[in-house]
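Peer 1: Taken in order, these protein sequences are the chains called W and P. So for the first sequence, the working numbering puts the first residue at 24; every next one is plus one. So for the second sequence, the working numbering puts the first residue at 9; every next one is plus one. Backbone N, C-alpha and C fix where the C-beta goes; we use that ideal spot for every residue, glycine too. In this text the structure is predicted, and so the values were computed from the model without any measurement.
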Amino acid sequence: MTTSSSNDGNLSGSNLEQVLRAGHFAATGELGPPQSADGEEIRHKAALLKGFVDAVNITDNQTAIVRMSSIGAGTIVVQEGLEPVIQMTCRDRNRLAIQSDLLGAYALGMRNLLCLTGDHQIFGNHPDSKNVFDMDSIQLVKMVADMRDEGIFECGDAFKGLEPRFFIGAAAAPFADPIDFRPYRLAKKVKAGANFIQTQLVYDVPAFTAYMEKVRGMGLHEQTYILAGVGPLKSPGMARYMKNNVPGILVPDEIIARMTAVGAPWAGKKKDELTREDKRARSTAWKEEGIKICIELIQQLREIKGVAGVHIMAIEWEQAVKPIVEGAGLYPRPALAEEELAA
Amino acid sequence: MIVAEQKSLEELRSLIGDAENVLVVGCGTCVTVCFAGGSREAAIVSSSLRMASKLNGDKMQVRDVTVQRQCEWEYLDEIEEQISEADVVLSLGCGIGVQAIAEHFPNTWVVPGLNTNFLGMPTEQGVWDERCAACGDCILGLTGGICPIARCSKSLLNGPCGGSEDGHCEIDPEVDCAWQLIYDRLNRMGKLQVLLDLQPPKNWRTSRDGGPRRIVREDLRLLEEEE
Numbered sequence: 024m025t026t027s028s029s030n031d032g033n034l035s036g037s038n039l040e041q042v043l044r045a046g047h048f049a050a051t052g053e054l055g056p057p058q059s060a061d062g063e064e065i066r067h068k069a070a071l072l073k074g075f076v077d078a079v080n081i082t083d084n085q086t087a088i089v090r091m092s093s094i095g096a097g098t099i100v101v102q103e104g105l106e107p108v109i110q111m112t113c114r115d116r117n118r119l120a121i122q123s124d125l126l127g128a129y130a131l132g133m134r135n136l137l138c139l140t141g142d143h144q145i146f147g148n149h150p151d152s153k154n155v156f157d158m159d160s161i162q163l164v165k166m167v168a169d170m171r172d173e174g175i176f177e178c179g180d181a182f183k184g185l186e187p188r189f190f191i192g193a194a195a196a197p198f199a200d201p202i203d204f205r206p207y208r209l210a211k212k213v214k215a216g217a218n219f220i221q222t223q224l225v226y227d228v229p230a231f232t233a234y235m236e237k238v239r240g241m242g243l244h245e246q247t248y249i250l251a252g253v254g255p256l257k258s259p260g261m262a263r264y265m266k267n268n269v270p271g272i273l274v275p276d277e278i279i280a281r282m283t284a285v286g287a288p289w290a291g292k293k294k295d296e297l298t299r300e301d302k303r304a305r306s307t308a309w310k311e312e313g314i315k316i317c318i319e320l321i322q323q324l325r326e327i328k329g330v331a332g333v334h335i336m337a338i339e340w341e342q343a344v345k346p347i348v349e350g351a352g353l354y355p356r357p358a359l360a361e362e363e364l365a366a
Numbered sequence: 009m010i011v012a013e014q015k016s017l018e019e020l021r022s023l024i025g026d027a028e029n030v031l032v033v034g035c036g037t038c039v040t041v042c043f044a045g046g047s048r049e050a051a052i053v054s055s056s057l058r059m060a061s062k063l064n065g066d067k068m069q070v071r072d073v074t075v076q077r078q079c080e081w082e083y084l085d086e087i088e089e090q091i092s093e094a095d096v097v098l099s100l101g102c103g104i105g106v107q108a109i110a111e112h113f114p115n116t117w118v119v120p121g122l123n124t125n126f127l128g129m130p131t132e133q134g135v136w137d138e139r140c141a142a143c144g145d146c147i148l149g150l151t152g153g154i155c156p157i158a159r160c161s162k163s164l165l166n167g168p169c170g171g172s173e174d175g176h177c178e179i180d181p182e183v184d185c186a187w188q189l190i191y192d193r194l195n196r197m198g199k200l201q202v203l204l205d206l207q208p209p210k211n212w213r214t215s216r217d218g219g220p221r222r223i224v225r226e227d228l229r230l231l232e233e234e235e
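1. Distance check for W/G271 and W/A230, CA to CA, integer angstroms please.
2. By a C-beta neighbour count over all protein chains shown, 10 Å radius and 16 as the cutoff for buried, is W/V42 buried or exposed?
3. In chain order, what residues of the same chain have a beta carbon less than 7 Å from the beta carbon of P/N166, not counting five sequence neighbours either side?
4. Which residues of chain P have a Cβ atom closer than 9 Å to the Cβ of W/Y354, listed in chain order?
5. Give a yes or no on whether the minimum CB-CB distance between W/T25 and chain P is below 8 Å.
6. Terminal residues of the continuous beta strand (DSSP E) containing P/S99?
7. On a CA-only basis, which of W/K328, W/I65, W/V76, W/T86 is nearest W/Q102? Give me that one, please.
8. Leaving out the 5 sequence neighbours to the left and right, which residues in its chain are closer than 7 Å to W/A308 when beta-carbon positions are compared?
9. Who are the Cβ neighbours of W/Y234 in its own chain at under 6 Å, not counting the five residues just before and after it?
10. Flag W/P206 as yes if its beta-carbon sits less than 8 Å from any beta-carbon of chain P, otherwise no.
11. Please report how far the alpha carbon of P/P168 lies from the alpha carbon of P/P156, in whole angstroms.
12. Mind checking who P/G34 pairs with in its DSSP beta bridge?
13. Along chain W, in chain order, which residues have C-beta atoms closer than 9 Å to that of P/K162?
14. Starting from W/Q323, trace the alpha helix (DSSP H) in both directions and tell me its first and last residue.
15. What are the boundary residues of the alpha helix (DSSP H) that includes W/M282?
16. Would you mind working out which of P/M59, P/K62, P/I91, P/N64 sits nearest P/T74, comparing C-alpha positions?
17. Report, in whole angstroms, the separation of the C-beta atoms of W/I316 and W/I278, which I expect to be a contact under 8 Å.
18. Along chain W, which residues have their Cβ under 9 Å away from the Cβ of P/L165?
19. If we ignore side chains and look at the alpha-carbon of each, how far apart do P/C160 and P/C185 end up?
20. Please report the residue range of the alpha helix (DSSP H) in which W/A128 lies.
21. With DSSP as the reference, please indicate the residues paired to W/Y248 in a beta bridge.
22. Can you find a C-beta in chain P that's less than 8 Å from the C-beta of W/A196?
23. Can you tell me which of the three DSSP states W/P150 falls into?
24. Between the region 40–60 of chain P and the region 17–25 of chain P, are three or more C-beta pairs nearer than 8 Å?
25. Report the three-state DSSP secondary structure of W/V167 (helix, strand or coil).
26. Using 8 Å as the threshold, is the C-beta distance between W/A78 and W/E106 below it?
27. Using a 10 Å radius around the Cβ and a threshold of 16 neighbouring Cβ atoms, would you call W/G179 buried or exposed?
28. With 9 Å as the C-beta to C-beta threshold (strictly closer), list the residues of the region 182–208 of chain P near chain W in chain order.
29. Tell me the residue span of the beta strand (DSSP E) that contains P/F126.
30. When you compare the region 246–258 of chain W with the region 317–326 of chain W, are there three or more beta-carbon pairs, one atom per stretch, that lie closer than 8 Å?
31. Give the residues from the region 165–189 of chain W that approach chain P closer than 9 Å (Cβ to any Cβ), ordered along the chain.
32. Starting from the beta carbon of P/C140, find every residue of chain W whose beta carbon is closer than 7 Å, and list them in chain order.
33. How would you write the range of the alpha helix (DSSP H) that W/F231 sits in, first residue to last?
34. Determine the burial state of W/E294: buried for a count of at least 16 other Cβ atoms within 10 Å of its Cβ, exposed for fewer.
35. Are the region 92–99 of chain W and the region 126–145 of chain W in contact at 8 Å, needing three or more beta carbon pairs?
36. At 8 Å on the CB atoms, spell out the chain W contacts of P/E173, in chain order.
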């Protein structure tokens, strides 16, 4: 991995880093902060995820909708005994704000960071706002790596005191256009200093296998930990929407057919012909199948050489993480951090 | 060139208010080429204002004149007399033209007739596209002659992001993904290697972020005794 000045070779000492370094198949989750100042909601979601994932991503104004800050919510997550991965986008902050927020995040106990460019604000609830994009995600990775490894701010000035030592992550979109360039863009992120990668949702295992083949050909799996993104489908409609409307997500027809098939008992009926109980039963059937598909995907992805773990995205459905992790044989999670703390 | 669009007649009327003598000033350069504020548009705007005023029973006098360039003092000097007679000058120049009139005629009330949109070019009849963000530090040499600052929705220097699909930007299927264009062009030219380098954060000081910009060319300046 990258150079480090700490004695044991750990870059950050985070639980996620230790799980990956020990060669365990990692599992990370995702927690979306509320569109409110309600800390209880974070505690509730953290309780659903604690023990089932090695660390949990806290989104940063995800899809450009204003939510509790990632660092604010992450502080509560730390208090709850779960390890956060702070997400930081380049949309809302310039290099001054990013660096100062990261100093604060580190002081508050956060050790993992996912560097993102960020969704364009036009998709969110403040489409009239001005964006920043002073930097892009690759430059952000490099800046944070330099803070840790060189002890310098982006401007080149040396730290006066403790530097933040994050385990640095970046995202990858294996199926976005231009698809031939995607492994090279990943290489740029690794070159910039990304210690781990979380990918966009994978439903098409053969396509991801082909991507990983190229990634291995470039030796990238030996320089970074690649966590494949997975997420349980809630309905055939969600599967179709992602296939048709979300750039960079491939959903094979076979998966849509499976989701549709479990809804067969209620198929062909109009909305008002279904009772509330019918709708509930149909939704349960869909969700069960969605979780089942997710488990199978994890099992298949685990077989691909170079896949170091999975990133489970079940936003606003955190309850799904427990059955997925258990069903995929990933429970219990290694308790390395606790051993470390005890030592 | 500078690309602009006319404001609605309704907005123009509200900007003019109850002025009695209105002078519409067109500009013969960029906004003529983009059909927003040339002599033809100046004539149409003034006749529309006259018609609206007549329907309203007002006694508004509207005249129009077009100069070759509103952004140079010498062309504004040519219309000094007409400007001095007007209660309101409605400039059909870009934002530079409006400000030049305000600066050159301190006692004249001038309002904008256009919205100045961007630096761009006509890509087909009736269609204009943005091309330059005037960042002051051109990087087109790194990107195959396609500007990601002006044409990528996130101004990425190490693009493309994950929102590129079928050559379009995720913000709008009508918007080309600049990084797909860059990729395709460099690929065609056998220069994809360029994209593997990490581009460092941009120095935005030369852009608007460094404050209002000014260029001084001592070699072109007139010495006082020569003036």
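Peer 2: The relevant details are as follows:
1. 12 Å
2. buried
3. Contacts found: L206, Q207.
4. What W/Y354 touches in chain P: nothing, since even the nearest Cβ is about 30 Å away.
5. Low per-residue confidence applies at W/T25: pLDDT is 42, beneath 50, and the placement is therefore not dependable enough to give any value.
6. Bounds of the beta strand (DSSP E) holding P/S99 are 96–99.
7. A check of alpha carbon separations from W/Q102 across W/K328, W/I65, W/V76, W/T86 identifies W/I65 as the nearest.
8. V285, G286
9. P197
10. no
11. 10 Å
12. P/T74
13. C113, R114, T140, G141, H143, N154, F156, D159
14. 299–325
15. First-last of the alpha helix (DSSP H) with W/M282: 276–284.
16. That would be P/I91, whose Cα lies nearest to the Cα of P/T74.
17. 6 Å
18. M158, D159, I161, Q162
19. 7 Å
20. 118–130
21. W/F219
22. yes
23. coil
24. yes
25. helix
26. yes
27. exposed
28. C185, W187, Q188, Y191, D192, N195, L200, L203, L204, D205, L206, Q207, P208
29. 122–132
30. Remark: three or more beta-carbon pairs, one from each stretch, lie closer than 8 Å, so the region 246–258 of chain W and the region 317–326 of chain W are flagged as touching.
31. K165, M166, E177
32. Those do not exist, as P/C140 stays about 17 Å from chain W at its closest Cβ, beyond 7 Å.
33. 228–240
34. A small correction: the amino acid at residue 294 of chain W is Lys; Glu does not occupy that position in the sequence shown. Exposed.
35. yes
36. A199, D200, P270, G271
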